[in-house]
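Numbering (our numbering), first residue to last: 31 to 236.
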């Protein structure tokens with residue numbers, strides 16, 4: 031279970047599965063909460079940011095919800111090159127409070143399930159597991175193949191949490207932003223980040 035204390039340092043990975051808006055909203059909320067955030071984006075994750083959010087390259091201010099007139103907290107928000115397997119987040123000595131891969135492609139989940147470290151994101155995920163820290167994989171694919179299901183079983187047995195990008199509708203959402211906030215709020219719950227997003231089920235009074 032995540033600590034009852036709010037986390038101070040988290041790793042966020044972005045891969046090529048659809049759902050860039052989830053990653054953007056998560057990063058916005060982590061930066062706003064002053065949580066030290068270490069970001070790693072795969073090449074297909076970068077393409078996703080372009081295709082779904084119109085970003086040229088990895089636009090850190092846009093991901094953090096800042097405009098050109100606002101300074102990013104450079105002492106709390108870091109971008110790591112996905113090729114740099116010698117980066118700080120690749121080491122078990124780098125203490126942190128959890129890692130979230132959002133969205134998580136089937137390819138990335140397969141690499142985590144099979145211990146294949148092809149890049150920094152994979153390595154950081156493996157380290158998170160071996161150090162018994164919280165790893166949340168926000169998988170976005172449908173339908174699922176038997177390969178996907180078996181990989182989900184393998185990562186779960188290794189200690190990860192598979193959190194499908196499946197927003198709920200019991201809050202009666204009216205906009206896409208509300209659906210995004212529902213899912214991101216559930217992810218924040220999994221890593222112990224306090225928030226006031228509308229995700230709480232309340233039994234209607236008779």
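Ideal Cβ positions, reconstructed from N, Cα and C, are used throughout, including at glycine.
- Considering only residues of the same chain and omitting the five flanking positions on each side of residue 215, which have a CB-CB separation below 7 Å? Counting from one through the chain shown, the residue named residue 215 turns up at place 185. Excluding residues within five positions, the ones whose Cβ falls inside 7 Å are 225, 227 and 229.
- Could you please give the first and the last residue of the uninterrupted alpha helix (DSSP H) stretch that includes residue 129? Taking the chain shown and counting its residues from 1, one reaches residue 129 at position 99. Careful: residue 129 lies outside any alpha helix (DSSP H), inside the beta strand (DSSP E) at 129-134.
- Distance, Cα to Cα, residue 96 vs residue 183? Locating residue 96 in the chain shown gives position 66, counting from the first residue. Locating residue 183 in the chain shown gives position 153, counting from the first residue. Whole-angstrom Cα-Cα distance: 38 Å.
- Which one of 37, 48 and 205 has the shortest CA to CA distance from residue 106? Sequence index remark: in the chain shown, residue 106 carries index 76 (1-based). Nearest in C-alpha terms to residue 106, of all of 37, 48 and 205, is 37.
- Task: Report, in whole angstroms, the separation of the C-beta atoms of residue 126 and residue 163, which I expect to be a contact under 8 Å.
- Result: As a working note, residue 126 is residue 96 in the chain shown. As a working note, residue 163 is residue 133 in the chain shown. About 7 Å separates the beta carbons of residue 126 and residue 163, which is inside the 8 Å limit, making them a contact pair.
- Item | Residue environment, residue 31, which counts as buried when at least 16 other CB atoms sit within 10 Å | For the purposes of this step, residue 31 is taken as the residue at position 1 of the chain shown. Caution is warranted here: a pLDDT of 41 is assigned to residue 31, below 50, making its placement in the model unreliable, and no coordinate value can be reported.
- Item | Cβ pair residue 165, residue 158 closer than 8 Å | Here the question's residue 165 lines up with position 135 in the chain shown. Here the question's residue 158 lines up with position 128 in the chain shown. With a cutoff of 8 Å on beta-carbon distance, residue 165 and residue 158 are scored as near each other.
- Task: Write down every uninterrupted run of the beta strand (DSSP E) in the segment 156-182 whose length is 3 residues or greater and which is fully enclosed by it, in chain order.
- Result: Note on the segment 156-182: whole beta strand (DSSP E) runs with a minimum of 3 residues are 165-169, in chain order.
- Message: Measuring alpha carbon to alpha carbon, tell me which residue in 170, 92, 71 and 128 is nearest residue 156.
- Response: Along the chain shown, read from residue 1 onward, the residue named residue 156 stands at position 126. The candidate whose alpha carbon is nearest that of residue 156 is 128.
- Query: Would residue 202 be called buried (16 or more neighbouring beta carbons within 10 Å of its own) or exposed?
  - Reply: Walking along the chain shown from the start, residue 202 turns up at place 172. So residue 202 ends up on the exposed side.
- Query: Given that a residue counts as buried once 16 or more other Cβ atoms are within 10 Å of its Cβ, and exposed if not, what is residue 94?
  - Reply: For the purposes of this step, residue 94 is identified with residue 64 of the chain shown, where counting begins at 1. Residue 94 is classed as buried because its beta carbon has at least 16 other beta carbons within 10 Å across all chains shown.
- Task: With a cut-off of 8 Å on the beta carbons, I'd call residue 47 and residue 171 a contact; round off their distance for me.
- Result: Here residue 47 is taken as the residue at index 17 of the chain shown, counted from 1. Here residue 171 is taken as the residue at index 141 of the chain shown, counted from 1. With 8 Å as the limit, residue 47 and residue 171 qualify as a contact, their Cβ atoms being about 6 Å apart.
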